[in-house]
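Engineer: With the numbering used here applied, the sequence shown corresponds to residues 319 to 618, in that order.
Note that the Cβ used here is the ideal one computed from N, Cα and C, for glycine as well.
This structure is a prediction, so every number in the text was calculated from the model and none was measured.
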Amino acid sequence: MSVTVRVPAKVNVQLAVGGARADGFHDLANVFLAVSLYDEVTVSPASSLTITCSGPDAAQVPLDRTNLAARAAELLAARHGQSPDVHIHIAKDIPVAGGMAGGSADGAGALLACDVLWGLGSSRSELLSICAELGSDVPFSLVGGAALGTGRGEMLTELEVGGDFHWVFAVADGGLSTPAVYGEFDRLNEGVAVPAPVASPALLDALRTGDATALAGALVNDLQPAALSLRPSLSATLEAGMAAGALASLVSGSGPTTAFLTKDEESARSVAEALLGSGTCRAARVASSPAGGATVVARA
Ligand code: C5P
Numbered sequence: 319m320s321v322t323v324r325v326p327a328k329v330n331v332q333l334a335v336g337g338a339r340a341d342g343f344h345d346l347a348n349v350f351l352a353v354s355l356y357d358e359v360t361v362s363p364a365s366s367l368t369i370t371c372s373g374p375d376a377a378q379v380p381l382d383r384t385n386l387a388a389r390a391a392e393l394l395a396a397r398h399g400q401s402p403d404v405h406i407h408i409a410k411d412i413p414v415a416g417g418m419a420g421g422s423a424d425g426a427g428a429l430l431a432c433d434v435l436w437g438l439g440s441s442r443s444e445l446l447s448i449c450a451e452l453g454s455d456v457p458f459s460l461v462g463g464a465a466l467g468t469g470r471g472e473m474l475t476e477l478e479v480g481g482d483f484h485w486v487f488a489v490a491d492g493g494l495s496t497p498a499v500y501g502e503f504d505r506l507n508e509g510v511a512v513p514a515p516v517a518s519p520a521l522l523d524a525l526r527t528g529d530a531t532a533l534a535g536a537l538v539n540d541l542q543p544a545a546l547s548l549r550p551s552l553s554a555t556l557e558a559g560m561a562a563g564a565l566a567s568l569v570s571g572s573g574p575t576t577a578f579l580t581k582d583e584e585s586a587r588s589v590a591e592a593l594l595g596s597g598t599c600r601a602a603r604v605a606s607s608p609a610g611g612a613t614v615v616a617r618a
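1) Please find out if some non-hydrogen atom of ligand 2 comes closer than 7 angstroms to the beta-carbon of Ser454.
2) Verify whether the separation of the beta carbon atoms of Ala388 and Leu367 is less than 8 angstroms.
3) Name, in chain order, the residues that DSSP records as bridge partners for Leu521.
4) Check whether the Cβ atoms of Leu474 and Phe458 sit closer than 8 angstroms, and answer yes or no.
5) Just to confirm the assignment, what range does the alpha helix (DSSP H) spanning Cys625 have?
6) If you run the structure through DSSP and keep just helix, strand and coil, what is Val329?
7) To the nearest whole angstrom, what separates the beta carbons of Gly573 and Ala545, a pair I think is in contact under 8 angstroms?
8) For Pro374, which option in Val414, Ala396 and Ala364 has the closest C-alpha, if you only look at C-alpha atoms?
9) Threshold first: 4 residues or longer. Then list the alpha helix (DSSP H) segments lying entirely within the segment 462-549, N to C.
10) Could you tell me the boundaries of the alpha helix (DSSP H) in which Thr555 lies?
11) First and last residue of the beta strand (DSSP E) that includes Cys371?
12) Sort out for me which residues DSSP pairs Asp582 with in a bridge.
13) May I have the straight-line CA-CA distance separating Val481 from Arg526, to the nearest angstrom?
14) Can you tell me whether Pro457 is helix, strand or coil according to DSSP?
15) Looking at the secondary structure, which residues open and close the alpha helix (DSSP H) in which Ala395 lies?
16) To the nearest angstrom, how far is it from the Cα of His484 to the Cα of Gly610?
17) Buried or exposed: where does Ser401 fall if 16 or more other Cβ atoms within 10 Å of its Cβ makes it buried?
18) May I ask whether a heavy atom of ligand 1 can be found less than 7 angstroms away from the beta carbon of Thr496?
19) Which first and last residues belong to the beta strand (DSSP E) in which Ser567 is found?
20) Note down the Cα distance separating Ala423 from Gly453, rounded to an integer number of angstroms.
21) Would Val615 be called buried (16 or more neighbouring beta carbons within 10 Å of its own) or exposed?
22) May I ask which residues mark the beginning and end of the alpha helix (DSSP H) holding Leu381?
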């Protein structure tokens, strides 16, 4: 018997970051948008907890208990007084350590898949509370669509999206560590009174009306200067995408993936081709949004 769950990647169309909190996290106004790049997580009974991963970047994925998919199975099993004896296979298509919540997606996917495999029937709110324990971005991976994340990003308010948006994601060589990027944000803002993060009304309006040009004018990522400081070569990628006709560009989350909003699917394809030809990225992926959250796609 096995259960397969499909989970989307995300881009942050607004990532407003406040000052560092006493617990080391940062308060956020984090507008998540799920995009159509997916990992598939399959779980099946086994004699102990094991993980395998397939896909072009599988070698970069940790296969030990630090993998959020393993931690999800452990947390859910512990809540129900059982052992997490399950084999987890991750078919990985989301860039690894790329600022697109790939690890969070696998956590949310494994959680839902184990819940179904073990016949637990957990409520949405029980699953969301385990997601929040796993990481700040994990609740959104379960929910998908679009949402405003406050607190450290884990408290979600779902948002209406009035149309499809088209994107290109330029995948960089190597990943960036999220804590390192937040650390660089703190270093760059030393001595600065960082304002409390607030969601932009213009951006929420652009999402609601499905207006790509308005969304392009409202995209903002407060972590971008920190990501560029740690990886200056990303500036050339951002410039290449704009020169190729993107409406707007930004670093995705903590990077180093860069995101380009385009006016339609055809434009996305031509921007992707130009980005690849520019030699400023390792791969260029076309995707659209919004995408649905974690979904069971197969039971065998
Ligand atoms: O919640 P998650 O485990 O994904 O966070 C990874 C790291 O990113 C945290 O340890 C922290 O350094 C940083 N972070 C933060 N503020 C947030 C979310 C993450 O400083 N709101």
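Structural biologist: From the atom records:
1) Within the structure as shown, ligand 2 is missing, the only ligands being ligand 1.
2) yes
3) Paired residues: none, contrary to the question.
4) yes
5) In the structure as shown, the chain begins at 319 and stops at 618. Residue 625 is therefore absent and cannot be evaluated.
6) strand
7) 4 angstroms
8) Val414
9) 496-506, 519-527, 530-536 and 542-548
10) Leu552 to Ala561
11) Thr368 to Ser372
12) None; Asp582 has no bridge partner.
13) Reading off the sequence, residue 481 comes out as Gly, not Val. Those two C-alpha atoms are separated by around 8 angstroms.
14) helix
15) Leu386 to Arg397
16) 15 angstroms
17) exposed
18) yes
19) Ala566 to Val569
20) 10 angstroms
21) exposed
22) Here Leu381 belongs to no alpha helix (DSSP H), and DSSP marks it neither H nor E.
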